[in-house]
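**Student:**
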């Protein structure tokens, strides 16, 4: 359907990217099934050790020969770690939730991920596509990836960020609208400046850069795919739409929440309570209680501090405390195998486009 310059560059059949969803939802099975159906499946490796990423890449390759992407988190500028007093205050704010879940908190600072090691695996394995978020990769690194035949995509939440990514040499910019589930990719300025909706952000980025643009945020069906292309995007990226697929590694609780009847209301909100970085997920009491206490560490230290609580809440199926990321289009989610969902999305887009041509 409608090949674009980007779909041809990436070697995929459809202008459709299945978003990398870190923390569990993205599995090699989901990546491979999406790619086999003609989309670009994306494996989220940001939280994983280098050898775990290598194992996942090889698992994907055992399942498909089609192109796929690996996504990593670009390290943010180093900041002074929180002091002992800040750490104690953040732990005290979480202590009531820990007692409720039967978890004894172990206050500790987060160890930085081995980004150099992660990126080395991407290069050694020569994955077809590399994508990144939380920053701009240095131009020399982008050039090194290109020398290995790897296409490179970076995420932006503002026009300024998109221009910075283009200057680094990326093949495409993923424009992440405020509707998107998961962490915000803002890196050039305060998060508030990066809360532009997809409908407004995408055409501005398209006009500002010469490289192809991928629209992300709130896209759930064929109508959204057509709308993204009409705005000038070369592809649409969907994440929440694939959370409830059987190949997704999201918990059973998370999948039930995704598919629950909504009655027209938006069940999501933005918070820093879970990780210290702004993230969109299902609204919970955890968010309210932690924000009210007012002691939240910066990312990634809050993320490390709440890790055991989030895992326990998922095991105990506590929807009021668990961290379950989702975008604002979640009410449109459906339970389909990933490959079937890709084909359904493209068939819907074809029908929508045909109706528009008839008007």
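Numbering (my numbering), first residue to last: 367 to 725. Ideal Cβ positions, reconstructed from N, Cα and C, are used throughout, including at glycine. Predicted model, so just to flag it, every value in this text is computed and none were measured.
What residue range is occupied by the uninterrupted beta strand (DSSP E) comprising residue 534?
**Tutor:** Unbroken run through residue 534 is the alpha helix (DSSP H), 525-534; no beta strand (DSSP E).
**Student:** Excluding the 5 residues preceding and the 5 following residue 475 in the sequence, name in chain order all residues of the same chain whose CB lies nearer than 6 Å to its CB.
**Tutor:** If we look at residue 475 and ignore the five residues flanking it on each side, its Cβ neighbours are 447 and 667.
**Student:** Hey, quick one: how far does the alpha helix (DSSP H) through residue 460 stretch, first residue to last?
**Tutor:** Its alpha helix (DSSP H) spans residues 450-467.
**Student:** Expressed to the nearest angstrom, what Euclidean distance is found between the alpha-carbon atoms of residue 588 and residue 525?
**Tutor:** Computed Cα separation, rounded: 26 Å.
**Student:** Does the contact criterion of 3 or more C-beta pairs under 8 Å hold for the stretch 689-696 versus the stretch 496-507?
**Tutor:** No contact exists between the stretch 689-696 and the stretch 496-507.
**Student:** Please state if the CB of residue 382 and the CB of residue 405 are separated by a distance shorter than 8 Å.
**Tutor:** Going by C-beta atoms, residue 405 is nearer than 8 Å to residue 382.
**Student:** Can you give me the Cβ contacts of residue 683 inside the same chain, cut-off strictly under 6 Å, excluding the 5 residues immediately before and after it?
**Tutor:** 619, listed in sequence order.
**Student:** By the three-class DSSP mapping on this structure, what secondary structure does residue 619 have?
**Tutor:** If DSSP states are grouped into helix, strand and coil, residue 619 belongs with the helices.
**Student:** Starting from residue 579 and walking both ways along the beta strand (DSSP E), at which residues does that stretch end?
**Tutor:** Start and end: 579-582.
**Student:** Which runs of the beta strand (DSSP E) at least 3 residues long sit entirely within the stretch 659-684? Give them in chain order.
**Tutor:** Listed in chain order, there is nothing to give.
**Student:** Strictly by DSSP, which residues pair up with residue 646?
**Tutor:** Per DSSP, 548 and 636.
**Student:** I'd like the list of long-range same chain contacts for residue 582, defined as Cβ closer than 6 Å, with 5 residues on each side in sequence excluded.
**Tutor:** The answer, listed in chain order, is 540, 542, 546 and 603.
**Student:** Which value, in whole angstroms, describes the spacing of the CA atoms of residue 510 and residue 492?
**Tutor:** Distance between the alpha carbons of residue 510 and residue 492 is about 11 Å.
**Student:** For residue 397, which of 389, 407 and 508 has the nearest alpha-carbon?
**Tutor:** Cα-wise, what sits closest to residue 397 is 407.
**Student:** Considering only C-alpha positions, which residue in the set 388, 559, 644 and 528 is nearest to residue 570?
**Tutor:** Looking at the Cα atoms, 528 is the closest of the given residues.
**Student:** Give me, in chain order, the residues of the same chain whose beta-carbon lies closer than 8 Å to that of residue 461; leave out the 5 immediate sequence neighbours on both sides.
**Tutor:** The answer, listed in chain order, is 471.
**Student:** At what residue ranges does the stretch 400-427 contain a whole run of the beta strand (DSSP E), taking only runs of 3 or more?
**Tutor:** Listed in chain order, they are 407-410.
**Student:** Counting C-beta neighbours from all protein chains within 10 Å, is the total for residue 451 16 or more, i.e. buried, or is it exposed?
**Tutor:** So residue 451 ends up on the exposed side.
**Student:** Report buried or exposed for residue 478, applying the criterion of at least 16 other Cβ atoms within 10 angstroms of its Cβ.
**Tutor:** With fewer than 16 Cβ atoms within 10 Å of its Cβ, residue 478 is classed as exposed.
**Student:** Which of the three DSSP states is assigned to residue 382 in this structure?
**Tutor:** Strand.
**Student:** Assuming contact is defined by CB atoms lying nearer than 8 Å, are residue 439 and residue 464 in contact in what I supplied?
**Tutor:** Not in contact: residue 439 and residue 464 (Cβ atoms no closer than 8 Å).
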